[in-house]
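Let me begin by presenting the structure, written as structure tokens, before commenting on it.
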Amino acid sequence: MEMGLRPMVCVAQDYFQGKLIDDLRLRKTILELPDNKTEHLPGYLPLVPGIPVLLTENVATELGLSNGTRGIFHQLVYEESSVDIQFQDKNFPTNTKFITQPKYALVEFPNCKLDSELAELQAKIIPISVSEQTFLFDAKELLAENVAKAAKINQKNTKISIKRKALSLIPAYSMTTHKRQGQTLDKIIIDLVMPPGPIEVASFTFHSHE
């Protein structure tokens, strides 16, 4: 991974009823949702050349590019914004560059089954374009307590449909044993401070037990 670069975060674009969400409180809440509640498209995607990433959806299963495939991020191609957009998120440094209009990410997939190089790209480097998914968000937590109670009493549905545009990638410094199944790594560190689970799956999917 390259050092000394300005931190870069790719920000998802969320839409409600066909319009980009501009309400700051609603936008912030939805962006901070875990990706298992947003059809596996992250709200914030921190990227730096050399960072390991995981695909979160099937792109081309016949080429080995499926949900859970590991890769190495190389470059983000995006449209420059006329202003330096900032998001109030304490998880990122103050000098972070936020990208809201990504086109595609260039990712190296060592185990990709593509026989030849793509035009103007090195071997095994694949462009991953922006994906779209729709998910439900319960706006009840954003309502005042008395309004939320009234909605529950009146059996009103407080869930809204959100359409998200984002890159189907997540950082992969760590992963669950479920994601690890079927893959082999050169080196791993297993966190044993966890509920009982298939630890043997993790311990038998790397090259050496030394």
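According to this note's numbering, the sequence shown holds residues 39 to 248 in order. Using N, Cα and C, we set each Cβ at its ideal position, and we do this for glycine too.
| Asked | Found |
| --- | --- |
| Outcome for threonine 132 when other beta-carbon atoms lying within 10 angstroms are tallied against a minimum of 16 | exposed |
| Where threonine 94 falls: helix, strand or coil (DSSP) | coil |
| Candidates Ser167, Arg63 and Val115, of which the one nearest leucine 93 by Cα | Ser167 |
| Nearest-angstrom beta carbon gap, leucine 180 and threonine 67 [assumed within contact, 8 Å] | 6 Å |
| Residue burial classification, valine 115 (beta-carbon count within 10 angstroms, cutoff 16) | exposed |
| Glutamate 170 versus serine 199: straight-line alpha-carbon distance, rounded | 13 Å |
| Neighbourhood of glutamate 146 by C-beta, 7 Å cutoff - its chain only, sequence neighbours within 5 removed | Gly109, Ile110, His112, Lys162 and Ile163 |
| Cβ shell of phenylalanine 125 (< 6 Å), same chain only, five flanking positions each side left out | Phe136 |
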